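In order, the protein sequence lines correspond to chains Y and W.
Quick note on numbering: the first sequence equals residues 1 to 10 in the working numbering.
Quick note on numbering: the second sequence equals residues 1001 to 1215 in the working numbering.
Where a beta carbon is used, it is the ideal one built from N, C-alpha and C, also for glycine.
Note that the structure is predicted; figures quoted are calculated from it, not measured.
Some notes on the structure that comes next.
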Amino acid sequence: TGDACTHDEL
Amino acid sequence: MNIFRFAGDMTHLISILVLLLKIYATKSCAGISLKTQELYALVFVTRYLDLFTDFISVYNSVMKVVFILTSSAIVWCMRRHRIVKRSYDQALDTFRHLFLVLGCLVLALIVHDKFTFQEVFWAFSIYLEAVAILPQLVLLQRSGNVDNLTGQYVFFLGAYRAFYILNWIYRYLTEQHFRLWISCISGLVQTALYADFFYYYYISWKNNSKLQLPS
């Protein structure tokens, strides 16, 4: 899904 | 977001601010590797390419800008500030960090989550952050100068590593789809290299304190 590629860690 | 990651972000930011303030206050950067600081700035610039495309949270976006600005400020101070740059150990800070950049770029082209421009550069920044401390490690072995590498800087840098490892353990235990392997493995390599840096820092610090004339 979409969130697989958004990296939420800095 | 979990407390370990938040603490990790805060200690990471504090370590950068401690170094920046130390350089600015003493107007000296002796013993600090400009090459390591350049690599750190490159890490943030290539990692946060999604700053204007993906909005995750205000915290996430604000911290990305702060990391880019503070790491760039350290590089600017060491390269441009007329007083600070005079104390830069140019003759000792000779690690060819271009090879680190090229090596990480090749690795990112091979190992990444998705073969897109943003993802390849994200993986590149993760690998580069792991090895970015190497020029500083070599400079410390050569110069033994820890005047500007204050204990607080080393402490917060270590705390950042420790909290992020706790964060990955927490996420592994609590999330179904753990897919932080690139960050996790690279972060462990980064922590191992930090431990090596810490060892040489401790040796240098002990030697310097022995050298202090008995007051």
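{"Check": "Do Phe1117 of chain W and Thr1011 of chain W have their C-beta atoms within less than 8 Å of each other?", "Outcome": "no"}
{"Check": "Using a threshold of 8 Å, state whether the C-beta atoms of Ile966 of chain W and Tyr1040 of chain W are closer than that.", "Outcome": "It is not possible to answer for residue 966 of chain W, since the shown part of chain W is limited to 1001 through 1215."}
{"Check": "Determine the extent of the alpha helix (DSSP H) in which Ser1072 of chain W is found, giving its start and end residues.", "Outcome": "Val1058 to Arg1080"}
{"Check": "Taking Cβ positions only, does Phe1067 of chain W come closer than 8 Å to chain Y?", "Outcome": "yes"}
{"Check": "Excluding the five sequence neighbours on either side, which residues of its own chain have a C-beta within less than 8 Å of the C-beta of Ser1061 of chain W, listed in chain order?", "Outcome": "Leu1051 and Phe1055"}
{"Check": "Using the three-state DSSP reduction, which class does Leu1017 of chain W fall into: helix, strand or coil?", "Outcome": "helix"}
{"Check": "Run down chain Y in chain order and give the residues with a C-beta less than 9 Å from the C-beta of Asp1147 of chain W.", "Outcome": "Here the premise fails: no neighbours, minimum Cβ distance about 29 Å."}
{"Check": "Just how far apart, CA to CA, sit Ser1186 of chain W and Val1045 of chain W?", "Outcome": "18 Å"}
{"Check": "With burial defined as no fewer than 16 other Cβ atoms inside 10 Å of the residue's Cβ, what is the status of His1097 of chain W: buried or exposed?", "Outcome": "buried"}
{"Check": "For Trp1076 of chain W, would you say it is in contact with chain Y, using Cβ-to-Cβ distances shorter than 8 Å as the test?", "Outcome": "no"}
{"Check": "If the cut-off is 7 Å on Cβ atoms, which residues from the stretch 1005-1032 of chain W count as contacting chain Y, listed in chain order?", "Outcome": "Arg1005 and Asp1009"}
{"Check": "Who are the Cβ neighbours of Lys1027 of chain W in its own chain at under 6 Å, not counting the five residues just before and after it?", "Outcome": "Ile1083 and Val1084"}
{"Check": "Quick one: Cα of Val1058 of chain W to Cα of Ala1091 of chain W, how far?", "Outcome": "42 Å"}
{"Check": "I need the straight-line Cα distance from Lys1114 of chain W to Ser1183 of chain W, nearest angstrom please.", "Outcome": "14 Å"}
{"Check": "Of all the CB atoms in chain Y, is at least one closer than 8 Å to the CB of Lys1035 of chain W?", "Outcome": "no"}
{"Check": "If the criterion is Cβ atoms closer than 8 Å, does the pair Ala1132 of chain W and Val1043 of chain W meet it?", "Outcome": "yes"}
{"Check": "Fully enclosed by the stretch 1081-1168 of chain W, which beta strand (DSSP E) runs are 3 residues long or longer?", "Outcome": "none"}
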